[in-house]
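Visitor: Under full-length UniProt numbering, the first residue of the sequence shown is numbered 1, with each subsequent residue one higher.
Even for Gly, the Cβ is constructed at its ideal location relative to N, Cα and C.
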Amino acid sequence: MAALLGLDDEGWSWRDDALCAQVDSELFFPEKGGSTKDAKKLCGLCEVKAACLDFALQRDERHGVWGGLSERERRALNARRKQYATEQAQRRRARQPRPAVAPEPAERPAEVTPIRRQVRGPRRWTTAEAQEAIRTLTAHGMSAAEIARELGISSRTVQRIRSAQRARRGAA
Numbered sequence: 001m002a003a004l005l006g007l008d009d010e011g012w013s014w015r016d017d018a019l020c021a022q023v024d025s026e027l028f029f030p031e032k033g034g035s036t037k038d039a040k041k042l043c044g045l046c047e048v049k050a051a052c053l054d055f056a057l058q059r060d061e062r063h064g065v066w067g068g069l070s071e072r073e074r075r076a077l078n079a080r081r082k083q084y085a086t087e088q089a090q091r092r093r094a095r096q097p098r099p100a101v102a103p104e105p106a107e108r109p110a111e112v113t114p115i116r117r118q119v120r121g122p123r124r125w126t127t128a129e130a131q132e133a134i135r136t137l138t139a140h141g142m143s144a145a146e147i148a149r150e151l152g153i154s155s156r157t158v159q160r161i162r163s164a165q166r167a168r169r170g171a172a
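(1) Please name the residue in T157, A139, A39 whose C-alpha comes closest to that of A145.
(2) Tell me whether the segment 67–80 and the segment 38–53 touch, counting them as touching only if at least three CB pairs, one residue from each stretch, are closer than 8 Å.
(3) As a quick exercise: from R80, N78, I134, T126, pick the residue whose alpha carbon is nearest that of E150.
(4) Quick check on the DSSP output: the alpha helix (DSSP H) that includes K37 runs from which residue to which?
(5) Considering Q83, what are the terminal residues of the alpha helix (DSSP H) in which it resides?
(6) If I'm right that I161 touches A139 with Cβ under 8 Å, what's the distance once you round it to whole angstroms?
(7) Count the other C-beta atoms from every protein chain shown that fall within 10 angstroms of the C-beta of F28, then say buried if there are 16 or more, exposed otherwise.
(8) Taking C-beta to C-beta, are W14 and V48 nearer than 8 Å?
(9) Roughly how many angstroms lie between the CA atoms of T127 and A164, to the nearest whole one?
(10) CA-CA distance, A89 and E31?
(11) Output the distance between the C-alpha atoms of G44 and C20, rounded to the nearest integer angstrom.
(12) Tell me whether R74 is buried or exposed, calling it buried when 16 or more other Cβ atoms sit within 10 Å of its Cβ.
(13) Run through DSSP, which three-state label would W66 get?
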């Protein structure tokens, strides 16, 4: 049987001591709906039952009775084992020491007003930079369109900033 399954002697050596080696293998591979009761009874007496079950679980054996369990029972066992492993990993993570103090937050960059560029490269102006540039260029007599072209921003943005500056001056 080992040769048919392509098994090496090392992985199959427990089979020599198995009680199932002395009976018809059909007992362990019943037809659909057939009873596995006698096979399981024989497995219960076998001294290599654990090795047989481990072998079937490692190879994800999908047919027959192995180590006293049917394919359905082995599937359920595997599901419980996976659940147990997951729970154990969660417990280990929960026991790991955690820092008593939160790490320092990363330093934030200056706030940047996203002003869409129309003409020039990827330059982005901070609010303060845009306000200062518009104030200076306005003082030199440039129109909103000229300032927009010079700074690479929209005329609408220049007008909004100028309006805000006038409102602040009026409030002061």
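Guide: If we stick to the structure as given:
(1) T157
(2) yes
(3) I134
(4) 37–45
(5) 71–95
(6) With a Cβ gap of about 14 Å, I161 and A139 do not count as contacting.
(7) buried
(8) yes
(9) 12 Å
(10) 40 Å
(11) 11 Å
(12) buried
(13) strand
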